[in-house]
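There are 2 protein chains.
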Amino acid sequence: MSYKQQILDKIAAGQEVVGVIGLGYVGLPLAVNFAQAGVEVIGFDKSQAKVDKINHGENYIKDIRDAVLREVVDQVKLQATTDISRMSECDALLICVPTPLDIFKKPDMSYIESACIDIGKYMKPGTFISLESTTYPTTTEDFMLPIIERESGLKHGEDFWLAYSPERVDPGNATFYTKNTPKVMGAMTPDGLEIGQQIYSKAIDHLHLVSSPRVAEMVKILENTYRLVNISLINELALLAGKMDINIWEVIEAAKTKPFGFQAFYPGPGIGGHCIPLDPFYLEHIAKKYNFDLSMIHAAGHINMRMPHYMYIKIAAALNRHKKAVNGSNLLFLGVAYKPNIDDERESPALEIMDTVAHKGGIVSYNDPHIPHVTTHHGHKYQSVPLTAKTLKEADVVVLTTNHSIYDVEYIQQHAQMIVDLRNMVKEGGEKVYKL
Amino acid sequence: MSYKQQILDKIAAGQEVVGVIGLGYVGLPLAVNFAQAGVEVIGFDKSQAKVDKINHGENYIKDIRDAVLREVVDQVKLQATTDISRMSECDALLICVPTPLDIFKKPDMSYIESACIDIGKYMKPGTFISLESTTYPTTTEDFMLPIIERESGLKHGEDFWLAYSPERVDPGNATFYTKNTPKVMGAMTPDGLEIGQQIYSKAIDHLHLVSSPRVAEMVKILENTYRLVNISLINELALLAGKMDINIWEVIEAAKTKPFGFQAFYPGPGIGGHCIPLDPFYLEHIAKKYNFDLSMIHAAGHINMRMPHYMYIKIAAALNRHKKAVNGSNLLFLGVAYKPNIDDERESPALEIMDTVAHKGGIVSYNDPHIPHVTTHHGHKYQSVPLTAKTLKEADVVVLTTNHSIYDVEYIQQHAQMIVDLRNMVKEGGEKVYKL
Numbered sequence: 023m024s025y026k027q028q029i030l031d032k033i034a035a036g037q038e039v040v041g042v043i044g045l046g047y048v049g050l051p052l053a054v055n056f057a058q059a060g061v062e063v064i065g066f067d068k069s070q071a072k073v074d075k076i077n078h079g080e081n082y083i084k085d086i087r088d089a090v091l092r093e094v095v096d097q098v099k100l101q102a103t104t105d106i107s108r109m110s111e112c113d114a115l116l117i118c119v120p121t122p123l124d125i126f127k128k129p130d131m132s133y134i135e136s137a138c139i140d141i142g143k144y145m146k147p148g149t150f151i152s153l154e155s156t157t158y159p160t161t162t163e164d165f166m167l168p169i170i171e172r173e174s175g176l177k178h179g180e181d182f183w184l185a186y187s188p189e190r191v192d193p194g195n196a197t198f199y200t201k202n203t204p205k206v207m208g209a210m211t212p213d214g215l216e217i218g219q220q221i222y223s224k225a226i227d228h229l230h231l232v233s234s235p236r237v238a239e240m241v242k243i244l245e246n247t248y249r250l251v252n253i254s255l256i257n258e259l260a261l262l263a264g265k266m267d268i269n270i271w272e273v274i275e276a277a278k279t280k281p282f283g284f285q286a287f288y289p290g291p292g293i294g295g296h297c298i299p300l301d302p303f304y305l306e307h308i309a310k311k312y313n314f315d316l317s318m319i320h321a322a323g324h325i326n327m328r329m330p331h332y333m334y335i336k337i338a339a340a341l342n343r344h345k346k347a348v349n350g351s352n353l354l355f356l357g358v359a360y361k362p363n364i365d366d367e368r369e370s371p372a373l374e375i376m377d378t379v380a381h382k383g384g385i386v387s388y389n390d391p392h393i394p395h396v397t398t399h400h401g402h403k404y405q406s407v408p409l410t411a412k413t414l415k416e417a418d419v420v421v422l423t424t425n426h427s428i429y430d431v432e433y434i435q436q437h438a439q440m441i442v443d444l445r446n447m448v449k450e451g452g453e454k455v456y457k458l
Numbered sequence: 023m024s025y026k027q028q029i030l031d032k033i034a035a036g037q038e039v040v041g042v043i044g045l046g047y048v049g050l051p052l053a054v055n056f057a058q059a060g061v062e063v064i065g066f067d068k069s070q071a072k073v074d075k076i077n078h079g080e081n082y083i084k085d086i087r088d089a090v091l092r093e094v095v096d097q098v099k100l101q102a103t104t105d106i107s108r109m110s111e112c113d114a115l116l117i118c119v120p121t122p123l124d125i126f127k128k129p130d131m132s133y134i135e136s137a138c139i140d141i142g143k144y145m146k147p148g149t150f151i152s153l154e155s156t157t158y159p160t161t162t163e164d165f166m167l168p169i170i171e172r173e174s175g176l177k178h179g180e181d182f183w184l185a186y187s188p189e190r191v192d193p194g195n196a197t198f199y200t201k202n203t204p205k206v207m208g209a210m211t212p213d214g215l216e217i218g219q220q221i222y223s224k225a226i227d228h229l230h231l232v233s234s235p236r237v238a239e240m241v242k243i244l245e246n247t248y249r250l251v252n253i254s255l256i257n258e259l260a261l262l263a264g265k266m267d268i269n270i271w272e273v274i275e276a277a278k279t280k281p282f283g284f285q286a287f288y289p290g291p292g293i294g295g296h297c298i299p300l301d302p303f304y305l306e307h308i309a310k311k312y313n314f315d316l317s318m319i320h321a322a323g324h325i326n327m328r329m330p331h332y333m334y335i336k337i338a339a340a341l342n343r344h345k346k347a348v349n350g351s352n353l354l355f356l357g358v359a360y361k362p363n364i365d366d367e368r369e370s371p372a373l374e375i376m377d378t379v380a381h382k383g384g385i386v387s388y389n390d391p392h393i394p395h396v397t398t399h400h401g402h403k404y405q406s407v408p409l410t411a412k413t414l415k416e417a418d419v420v421v422l423t424t425n426h427s428i429y430d431v432e433y434i435q436q437h438a439q440m441i442v443d444l445r446n447m448v449k450e451g452g453e454k455v456y457k458l
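See the structure below:
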């Protein structure tokens, strides 16, 4: 019996084992999803701490309900391990490792490379492999395949199958989560596509199949490039509007009344998180190989990189109107998460603004109910201060950097000496409020 | 009694006269809309031919039903005239004149200027004036107001009121037309806003009021800049995808399955019409006054300007694969309208491609069921040829430039020697089809 028939039979009988490599905000929800569907799941992670937590039924991802995690662990549907040799027990291996940019904003492919080496060493023949991490088109075919074939000595299409299926996790989104968000998948061969479909269908409501991994890779980049470009556009227009005495928030609300051909994006202090500020630059990277200059992404990246600086200028200008300098003033930042109601400060522009302010002699403090302490890019460590009438009053300026819904804007407005509102949180203005 | 009370009383009694200046694809539907609502309308246009047509009940705008125009003309609710002195009969004057770019892509404000001079000379005290043409923010306050006050000797806020309310006409849109598309309006004073609301409410279902004309001006530019930037982005990605052997159309279809945070745009041979290729450059123009460089619009404009040239390269490459040169080949273009199912070829990229092809020695012909003859930018005159098996067969390449729904793609595919499909009209490929 062929490997293909073997794995299809196993899936049909509900006896397949799915391995998930990387147990972060993408991998863990995916693993839990499979386990909930009754599939036996082994989660792999290099972090012993994470593995221990999971095996004790302790949840560390906000988008998963604690009870659900406990349940699948109790039923031994989900086990976590640091032991990569157990990849040999898996029929499918789904790779959910980070794809960050290095300090020169170039793709850091080391996590994918390392996962491919591990897989090549330990997988058994007849394994289906799918990459979920965002990356540049051609990664699956041109980067992963040679590593896996070399390390395993196995032949793609006969002994294993390779696919790409991008995660679409939107942290904090209560409507769309892993299971009910349509999932795109492209495989290198029709067999791979068929097997992938059977694997994923148990955990995902709707699969959208495409003709190749590179198409699927491009899909994810298009989605996030669309967001980067539009946020950058509205940020640039917001800066111009400020100079022209036009309230950009009022403009956006009015434009939204157009019932066709418009989608609203909002300005802010810069783009954060692990997708939008990163993904487009993966495409820019590979485009160079094709002698191609992506001018839209380039312009958007430029604006985005400068936003925290412009925000610093805005804060300094507000203080200046009150005859105060940044140097020696107390600045309280409300919200360091990169978007509302989440506990993730990765790539958050608030941290960059705090660094600039501190560098210029400002006395920085912050509050974030979801993030008790942070370390900035400059290595400064801060602890979240309580949000009281006293802390608000003592600040020469309160900077609204994240629109957590828990924030009581009226209370903040009542006690703050001056507010710089970068998120349009204060609806009724007033003399002491300065808006982006 | 104040002028304000006089005009409000007249509106309440249904005795107001509304003048519409400029009877093109914006002004005529607006005029008809008011007339249908029972308001007496005088339409002003410099073209005696247009005026005569309207007064004979002859319609020349596709989005208006012939019977409706005839009815309001028969009932003498709508009269057209070239006699600008009759502006003195109007209580409201709505300006719907063109705002093109000159050959150096700078705003041509001469139509607005001329309308303001006419109004200043002939309006009576107590007139409400609203500009509907797309233009840069500050036009109403800084450009129009001084001209009208100078020419009329009247004082704004006491003797007349000035507002800005952008048209949102989308030619060919069967769902949203003038009446049921929400309309944004900003006036210079609260009185002007109140009067404008009373005037427009009779003809428009939903008004969205904003705090100033410049906010309303920015709204329209934002809407169209959003479209320019996104079309340019997908065009740029399409060019890269072509080099990477990725079908961009398949990518877009897959990205559309993301149920949040994505709106699909499609590539094409360039952006046409009288809004999207123009409006953002109005903003770029005024931004210079504020020492501001709009990098996103700049990059988008650059891509858009180059698209027809890239399309020429694509056509030449397709011919080359069949060992043919552009020079001496027969090229048949299907569709010169700038978008499907309309009869408007303004700024259409097809014409620019045809000019380039002709310049390089190609023998150009075209078919467009909606546009019987055209004159290109280079001054070449063409007549639409019949779309037959013979004309298709005789062409060395058939270029699909506009996706009119009347086109029978299967028939075209059956008879054409070779197809360059710039609109993803051919769903099933084949050897002789080359896609953008």
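Order-wise, the sequence lines are chains A and B.
My numbering numbers the first residue of the first sequence as 23 and each following residue consecutively.
My numbering numbers the first residue of the second sequence as 23 and each following residue consecutively.
Backbone N, C-alpha and C define an ideal beta-carbon position, used for all residues, glycine too.
Keep in mind it's a predicted model, so treat the numbers as computed, not measured.
**Request:** Using 10 angstroms around the beta-carbon of residue 335 (chain A), count the other beta-carbons present and answer buried if the total reaches 16, otherwise exposed.
**Result:** Answer is exposed; the Cβ neighbour count stays below 16.
**Request:** Name, please, each residue of chain B whose Cβ falls closer than 9 angstroms to the Cβ of residue 327 (chain A).
**Result:** Correct list: empty, because the minimum Cβ distance to chain B is about 12 angstroms.
**Request:** With DSSP as the reference, label residue 399 (chain A) as helix, strand or coil.
**Result:** coil
**Asked** For residue 435 (chain B), does the count of other Cβ atoms within 10 angstroms reach 16, so buried, or fall short, so exposed?
**Response** buried
**Asked** Under 7 angstroms from any heavy atom of the ligand FMN, does the C-beta of residue 345 (chain A) make it?
**Response** Here there are no bound small molecules, and the ligand FMN is not part of this structure.
**Item:** One or two residues paired with residue 149 (chain A) in a DSSP bridge
**Value:** A:182
**Message:** Using the three-state DSSP reduction, which class does residue 198 (chain B) fall into: helix, strand or coil?
**Reply:** Residue 198 (chain B) falls in the coil class under three-state DSSP.
**Request:** Spatial neighbours of residue 96 (chain B) within its chain, please: CB distance less than 7 angstroms, with the 5 preceding and 5 following residues excluded, ordered by chain position.
**Result:** 79
**Request:** Could you name each continuous alpha helix (DSSP H) segment of 4 residues or more that falls completely within the region 345-416 of chain A, going from the start of the chain to the end?
**Result:** 371-381 and 411-416
**Request:** Answer yes or no: does any C-beta atom of chain A fall closer than 8 angstroms to that of residue 351 (chain B)?
**Result:** no
**Asked** When the Cα of residue 348 (chain B) is compared with those of B:422, B:381 and B:318, which residue comes out closest?
**Response** The shortest CA-to-CA distance from residue 348 (chain B) to any of B:422, B:381 and B:318 is the one to B:381.
**Request:** Could you confirm whether any beta carbon from chain B is found closer than 8 angstroms to the beta carbon of residue 254 (chain A)?
**Result:** yes
**Prompt:** Within the 8 angstroms Cβ cut-off, does residue 445 (chain A) reach chain B?
**Reply:** Judged by the 8 angstroms Cβ criterion, residue 445 (chain A) is not in contact with chain B.
**Request:** Give the interface partners of residue 324 (chain B) over in chain A, defined as CB-CB distance under 9 angstroms, in chain order.
**Result:** 317
**Message:** Taking the alpha-carbon of residue 410 (chain A) as reference, which of A:397, A:388 and A:426 has the nearest alpha-carbon?
**Reply:** A:388
**Request:** Taking residue 230 (chain B) as the query, report the chain A residues whose CB atoms sit under 7 angstroms from its CB, ordered along the chain.
**Result:** 276 and 279, listed in chain order.
**Item:** Whole-Å CB distance - residue 423 (chain A) paired with residue 372 (chain A), under 8 angstroms assumed
**Value:** 4 angstroms
**Inter-residue spacing [alpha-carbon to alpha-carbon] between residue 345 (chain B) and residue 377 (chain B)** = 22 angstroms
**Asked** Can you name, in chain order, every residue of its own chain whose Cβ lies under 7 angstroms from the Cβ of residue 163 (chain A), other than the five neighbours on each side?
**Response** 210, 235 and 236
**Message:** Counting C-beta neighbours from all protein chains within 10 Å, is the total for residue 150 (chain B) 16 or more, i.e. buried, or is it exposed?
**Reply:** With at least 16 other beta carbons inside 10 angstroms of its own, residue 150 (chain B) counts as buried.
**Message:** Below 7 angstroms on C-beta distance, what does residue 312 (chain A) contact in chain B?
**Reply:** For residue 312 (chain A), the residues of chain B that pass the 7 angstroms Cβ criterion are 262, 265 and 266, in the order they occur in the chain.
**Asked** So residue 247 (chain A) is in the alpha helix (DSSP H); what residue range does that whole segment cover?
**Response** 235-265
**Prompt:** For chain A, is any of its Cβ atoms less than 8 angstroms away from the one on residue 149 (chain B)?
**Reply:** no
**Item:** Buried versus exposed call for residue 428 (chain A) [16 or more other C-beta atoms within 10 Å across all chains shown]
**Value:** exposed
**Message:** Cβ closer than 8 angstroms: which chain B residues qualify as neighbours of residue 195 (chain A)?
**Reply:** 282
**Asked** How about residue 156 (chain B): is its C-beta nearer than 8 angstroms to some C-beta of chain A?
**Response** It does not: the Cβ of residue 156 (chain B) has no partner Cβ on chain A nearer than 8 angstroms.
**Prompt:** For a contact meaning CB atoms closer than 7 angstroms, what does residue 219 (chain B) contact in chain A?
**Reply:** Per Cβ cutoff of 7 angstroms: no residues; residue 219 (chain B) is ~15 angstroms from chain A at best.
**Short CB-CB distance (under 8 angstroms) between residue 166 (chain A) and chain E** = Protein chains in the displayed structure are A and B, and chain E is not among them.
**Request:** Compile a chain-ordered list of the residues in the region 167-201 of chain B whose CB is closer than 9 angstroms to at least one CB of chain A.
**Result:** 190, 192, 195, 197 and 198
**Prompt:** Since residue 269 (chain B) meets chain A, which of its residues come closer than 8 angstroms, beta carbon to beta carbon?
**Reply:** Proximity of chain A to residue 269 (chain B) at the Cβ level (cut-off 8 angstroms) is accounted for by 233 and 237, in chain order.
**Request:** Select from A:171, A:37 and A:219 the residue whose C-alpha is nearest the C-alpha of residue 206 (chain A).
**Result:** The candidate whose alpha carbon is nearest that of residue 206 (chain A) is A:219.
**Asked** Would you call the CB atoms of residue 152 (chain A) and residue 117 (chain A) closer than 8 angstroms?
**Response** Yes, the Cβ-Cβ distance between residue 152 (chain A) and residue 117 (chain A) is below 8 angstroms.
**Prompt:** Counting Cβ pairs closer than 8 angstroms, one from the region 196-203 of chain A and one from the region 162-179 of chain A, do we hit at least three?
**Reply:** no
**Prompt:** Counting only runs that start and end within the region 297-341 of chain A, where is the alpha helix (DSSP H) found for 4 or more residues in a row?
**Reply:** 301-311
**Item:** Run of the beta strand (DSSP E) containing residue 101 (chain B), from where it starts to where it stops
**Value:** 100-103
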